[in-house]
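Using UniProt numbering, the first residue of the sequence shown is number 1, and each one after it goes up by one.
Notes to accompany the following structure.
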Amino acid sequence: MTRVTLLDYGAGNVKSLYNALVALGCDVEQTDKPEAVASAAILFFPGVGAFGSCMAMLERKQL
Numbered sequence: 001m002t003r004v005t006l007l008d009y010g011a012g013n014v015k016s017l018y019n020a021l022v023a024l025g026c027d028v029e030q031t032d033k034p035e036a037v038a039s040a041a042i043l044f045f046p047g048v049g050a051f052g053s054c055m056a057m058l059e060r061k062q063l
């Protein structure tokens, strides 16, 4: 089973991506912790179609 980290930074459709990854057989760690992001082998950023707001939220959360 593939272990992936799903960044929950307060934007994007986290639940839909979580469900899709689980349906694909992934072991999903959903997090908003910088240390989990730093140690992730595979990291998903939901909602990066809105890159500006994504970056602003990441900076606010120090991710």
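All residues carry an ideal CB built from backbone N, CA and C; glycine is no exception.
Bear in mind the structure is a predicted one, so any value in this text is a computation, not a measurement.
| query | result |
| --- | --- |
| Lys33 versus Arg3, Met1 and Leu58, residue with shortest Cα-Cα distance | Leu58 |
| Simplified DSSP state of Leu6, which is helix, strand or coil | strand |
| Residue from Tyr9, Glu29 and Asn19 whose Cα sits closest to the Cα of Ala41 | Glu29 |
| Pick from Arg3, Leu21 and Thr2 that is closest to Pro46, judged by C-alpha positions | Leu21 |
| Residue range of the alpha helix (DSSP H) that includes Lys61 | No alpha helix (DSSP H) contains Lys61, which DSSP labels as neither H nor E. |
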